[in-house]
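Engineer: For the sequence shown, position 41 matches number 40 in numbering that gives the first Met the number 0, and the numbering has no gaps at all.
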Amino acid sequence: MTILDEDPADLLRATTANFQTHEDIACLSRISTSVSTLRSARTLRLDTHRASSASLTRRLASAQAAHADSLASHDASGHAAEILRLDAQKFRAAKAVSEVRGDCERKEGEVRGLERTVEGLEREGVEGGDDGSDSEEDVLRLRVYRGLGIEAEADENGEFRRAVVRNRAKGDVSVVSLEKGRDRMFYAGHFWGCL
0 MTILDEDPAD LLRATTANFQ THEDIACLSR ISTSVSTLRS ARTLRLDTHR ASSASLTRRL
60 ASAQAAHADS LASHDASGHA AEILRLDAQK FRAAKAVSEV RGDCERKEGE VRGLERTVEG
120 LEREGVEGGD DGSDSEEDVL RLRVYRGLGI EAEADENGEF RRAVVRNRAK GDVSVVSLEK
180 GRDRMFYAGH FWGCL
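What follows is the structure, encoded as structure tokens:
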């Protein structure tokens, strides 16, 4: 064992005084304070994040429950049946519109034909012609024929050799040649057949 010339307590006191530990102790105190401040800030931030995560978790669970309810209440076959019903209704409406357009075009054709007939009658006048040679019976007969859609056409001699028969309902036009040898009942039956 070594024997020291000085008292060990004095030696320790002198060594401690030479190291100047009071600055190191103050620095360690500051570090400890910073660590505790950081620890409390970190704890506060973690608590905030946990609360936000819990709120988001609740919202997710609520949204998932609402989604599951909507999936459970959704009826795919009912939806398909509704689409088919609406498609059928749409096609029926389109067909009705097409039929109405066809009727309108047919009626317009009839109106144009009647306007031509009226213009022709107005040109012929009350007596049915400019020279007044036709009898009232012929004029009346021609008006009845025209009202039915039959127009008799006269040749250069004034004899009726052709008849144009218009079927307004079907939109058909037939031209019939009138021959003297045929019976009137034949032409009447033929005209009614065309109408």
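Cβ atoms here follow ideal geometry from the backbone N, Cα and C, with glycine treated the same way.
Predicted, not measured: the structure shown is a model, and the values here were computed from it.
(1) Our contact map puts Gly170 next to Arg105 with C-beta atoms below 8 Å; I'd like the distance itself, whole angstroms only.
(2) Among all the DSSP beta bridges, which residues are the ones paired with Leu171?
(3) Is DSSP giving Glu152 helix, strand or coil here?
(4) Quick check: the Cα distance between Ala62 and Leu55, rounded to an integer number of angstroms?
(5) When the distance is taken between beta carbons, is Arg167 closer than 7 Å to Thr109?
(6) Below 6 Å CB to CB, which residues in the same chain sit around Arg165 once its five sequence neighbours on both sides are set aside?
(7) For Asp129, which residues from the same chain have a beta carbon less than 7 Å from its beta carbon, with the 5 sequence-adjacent residues on both sides left out?
(8) Do Val175 and Ala162 have their CB atoms nearer than 7 Å?
(9) Can we count Ala53 as close to the ligand NAP, meaning its CB is less than 6 Å from some heavy atom?
(10) For my contact list, Leu139 and Ala151 are in at a C-beta cut-off of 8 Å; report their separation, rounded to the angstrom.
(11) From which residue to which residue does the alpha helix (DSSP H) around Glu22 run?
(12) Note down the Cα distance separating Ala117 from Ser97, rounded to an integer number of angstroms.
(13) Comparing the C-beta of Glu22 with each C-beta of chain C, is any distance below 7 Å?
(14) What does the alpha-carbon distance come out to for the pair Arg57 and Thr47?
(15) Tell me the rounded alpha-carbon separation between Ser51 and Leu45.
(16) Could you check the C-alpha separation between Asp86 and Glu178 for me, to the nearest Å?
Structural biologist: Well, looking at it:
(1) On the sequence shown, position 171 is the one that residue 170 refers to. On the sequence shown, position 106 is the one that residue 105 refers to. The C-beta separation of Gly170 from Arg105 comes to about 6 Å, placing the pair in contact by the 8 Å criterion.
(2) As a working mapping, residue 171 is identified with position 172 in the sequence shown. A small fix is needed here, since residue 171 is Asp in this sequence, not Leu. As DSSP reads the structure, Asp171 sits in a beta bridge with Asn166.
(3) Translated into positions along the sequence shown, residue 152 becomes position 153. Three-state DSSP puts Glu152 in a strand.
(4) To locate residue 62, count along the sequence shown from 1; it is residue 63. To locate residue 55, count along the sequence shown from 1; it is residue 56. Our two residues, Ala62 and Leu55, have alpha carbons roughly 10 Å apart in a direct line.
(5) To locate residue 109, count along the sequence shown from 1; it is residue 110. To locate residue 167, count along the sequence shown from 1; it is residue 168. One detail in the question is off: residue 109 reads as Glu in this sequence, not Thr. Cβ distance < 7 Å, so Glu109 and Arg167 count as in contact.
(6) Locating residue 165 in the sequence shown gives position 166, where the first residue counts as 1. Contacts found: Gly148 and Val172.
(7) Your numbering for residue 129 matches position 130 in the sequence shown. With a pLDDT of 48 at Asp129, under the threshold of 50, the modelled position of this residue cannot be trusted; read the value that follows with caution. Non-local C-beta neighbours of Asp129 in its own chain, meaning closer than 7 Å and more than five positions away in sequence, are absent.
(8) Position 176 of the sequence shown, counted from the start, is the residue given in the question as residue 175. Position 163 of the sequence shown, counted from the start, is the residue given in the question as residue 162. Cβ distance < 7 Å, so Val175 and Ala162 count as in contact.
(9) No copy of the ligand NAP appears in this structure; indeed no ligand is present at all.
(10) By 1-based counting over the sequence shown, the position of residue 139 is 140. By 1-based counting over the sequence shown, the position of residue 151 is 152. That pair is no contact at about 13 Å.
(11) Taking the sequence shown and counting its residues from 1, the one referred to as residue 22 is at position 23. The continuous alpha helix (DSSP H) containing Glu22 extends over residues Thr20 to Ser72.
(12) By one-based count along the sequence shown, residue 117 stands at place 118. By one-based count along the sequence shown, residue 97 stands at place 98. Contrary to the premise, residue 117 reads as Val rather than Ala in this sequence. Per the coordinates, the alpha-carbon of Val117 lies some 30 Å from the alpha-carbon of Ser97.
(13) Annotation note: the requested chain C is absent from the structure, which comprises a single protein chain.
(14) Residue mapping note: residue 57 aligns to position 58 of the sequence shown, counting from 1. Residue mapping note: residue 47 aligns to position 48 of the sequence shown, counting from 1. One C-alpha to the other measures close to 15 Å.
(15) To locate residue 51, count along the sequence shown from 1; it is residue 52. To locate residue 45, count along the sequence shown from 1; it is residue 46. About 10 Å.
(16) Translated into positions along the sequence shown, residue 86 becomes position 87. Translated into positions along the sequence shown, residue 178 becomes position 179. A direct Cα-Cα distance of roughly 57 Å separates Asp86 from Glu178.
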